[in-house]
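Worksheet for the structure shown next.
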Amino acid sequence: MKKTSLFSPEPAKGWIPWGALAPFLLIFFVAAPVILTDEPFIRWGFVDNRGDPIGAYGLYAFLLIPFAITGALVLAWVTFVERRPLRTIGLTSSGGAMSFARGIAIGIATIGAVVAAIWAAGGYQPDGFASAFFAPRDLISIGILFLCFAVQASVEEIIFRGWLMSVLARKFNVALAVILTCAAFTLLHYSRGQEPLIAAGVFLFSAFACLWALKARNIWGVMGWHVGWNWLLATGFDLPVTGFDAGVSALLVKLVPHGPDLLTGGSQGPEGSVVCLTFFVGGVATLLWRLRNSAEVG
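Sequential numbering of the sequence shown, starting at 539, is according to our numbering.
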């Protein structure tokens with residue numbers, strides 16, 4: 539097994555957890571803020587007894603507070619326990635803002651292309667265009683949701699593609715780091731009764747993000763891509779994102795599912811569609827080919 543420093547070669551001056559322990563530590567980083575905020579969120583009416591957000595304020599709180607705490611925990615762990623620079627988890631200092639902005643644009647374009655392909659295949663029917671522009675409150679909410687998804691998606695990339703994958707690569711090798719990171723990402727996005735196609739899509743989503751980070755040698759671009767993808771999916775078409783409804787009018791076009799769940803994604807939204815699965819298969823294959831050709835991963 540070839541142990542590798544993915545983003546920057548500096549050694550840790552503190553303690554990096556054993557490879558087998560790292561996924562469990564990640565679960566703690568994710569679960570602790572959820573447990574901490576669960577009771578007050580229920581009391582304040584932000585979430586129901588299942589932990590699903592209620593209304594706009596509930597969704598804002600759900601996306602912002604637990605994820606911000608998780609992000610702070612991981613960054614503090616890297617800084618004070620592992621004692622290594624943040625560039626070693628992909629937060630490099632050069633060109634970050636430009637890569638992040640470019641990633642947002644690519645995320646918007648790719649989810650737009652996936653939704654358009656489902657529409658072209660007969661999976662959606664239009665039911666009004668740009669209705670959010672006639673509802674000022676919804677426009678404000680869409681702007682707030684951009685900030686919320688910027689936190690939520692960025693933190694997910696930091697903890698999975700940044701921290702976990704870099705720890706596993708230092709302890710094992712790159713291939714095993716990618717596989718275990720994808721497995722952990724899929725597990726933490728799993729819900730009871732989830733269809734195998736949905737789980738496969740989540741795994742491939744993570745694989746695509748992992749390979750992007752490896753190719754770029756930082757996580758700025760994939761952070762932006764994840765933000766743009768989630769935000770437009772939640773606000774652009776009045777469709778669910780990972781099973782959640784943002785509760786705002788469509789920014790671009792309201793689409794009504796019209797076809798089998800295999801095509802439309804059903805209650806999961808476009809991410810549960812075979813079209814989206816096909817996109818990620820193609821994306822993963824392309825990135826693997828580019829990585830192999832450039833010989834950037836040993």
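Don't be surprised by glycine CBs; every beta carbon is placed ideally from N, CA and C.
Leaving aside the five residues before and after residue i along the sequence, list all residues of the same chain whose C-beta is less than 8 angstroms from its C-beta, in chain order.
i	result
F567	T608, L611, V612, W615, I697
H796	G660, G661, Y662, Q663, T802
R828	K753
G804	P795, G810
K792	P664, D665, G666, F667, S669, F775, D776
V689	L601, L602, F605, A606, G609
I580	D586, N587
W556	K709
T617	L624
T824	none
R640	G759, G762
G596	F579, G583, F584, V585
Can you round the beta-carbon distance between residue i and residue j to whole angstroms, since I take them to be within the 8 angstroms contact cut?
i	j	result
I680	Y598	That belief does not hold up - the Cβ atoms of I680 and Y598 are roughly 12 angstroms apart, past 8 angstroms.
W758	G645	Contact doesn't hold; Cβ gap of about 13 angstroms is too wide.
A594	L706	Contact flag wrong, Cβ pair sits at about 38 angstroms.
A668	L544	About 42 angstroms separates the two Cβ atoms, so there is no contact after all.
V700	I627	The question names Val, but residue 700 is Gly in the sequence shown. Yes, G700 and I627 are in contact; Cβ-Cβ is about 4 angstroms, under 8 angstroms.
L770	I649	5 angstroms
T724	A737	6 angstroms
So residue i is in the alpha helix (DSSP H); what residue range does that whole segment cover?
i	result
F741	734-754
I678	674-695
V819	812-832
A550	Careful: A550 lies outside any alpha helix (DSSP H) and carries neither H nor E.
R708	703-709
G804	G804 -> no alpha helix (DSSP H), and no H or E assigned at all.
V765	758-773
Return the chain-ordered list of same chain residues with a C-beta closer than 6 angstroms to the C-beta of residue i, the five sequence neighbours on each side being excluded.
i	result
T630	N756
D576	none
E834	For E834, the pLDDT reaches just 49, beneath the cut-off of 50, and the residue's location in the model is therefore unreliable, leaving the point undetermined.
L815	G739
G821	F746
S546	R625, T626
G807	L777, P778, V779
A651	none
On the DSSP bridge list, what partners appear for residue i?
i	result
F667	V791
F782	V779
R585	The question names Arg, but residue 585 in the sequence shown is Val. Partner(s): P591.
Y728	BP columns for Y728 are empty, so no partner.
Y662	P795
Judging by CA-CA distance, which residue of the options is the nearest neighbour of residue i?
i	options	result
F672	S787, L574, W553, T719	S787
D783	A558, V819, L601	L601
V837	V812, A754, W553	Because residue 837 is not part of the residues shown, which for the chain are 539 to 836, the question remains open.
G589	F605, I603, V572	V572
A569	A658, F605, S729, I736	F605
F638	N831, L800, A751, Q806	A751
P623	R830, A823, A550	A550
E733	L800, L826, I592, I717	L800
I678	L714, V716, T773, S632	T773
Just to confirm my understanding: we take residue i, look at its own chain, exclude 5 residues before and 5 after, and list those with CB closer than 7 angstroms. What are they?
i	result
L564	I697, L702, A722
F818	G739, L742, F743, F746
A655	V813
G552	V619, E620, R621
A691	M761, H764, V765, N768
W657	L793
A558	none
I554	E620, V705, R708
E694	H764
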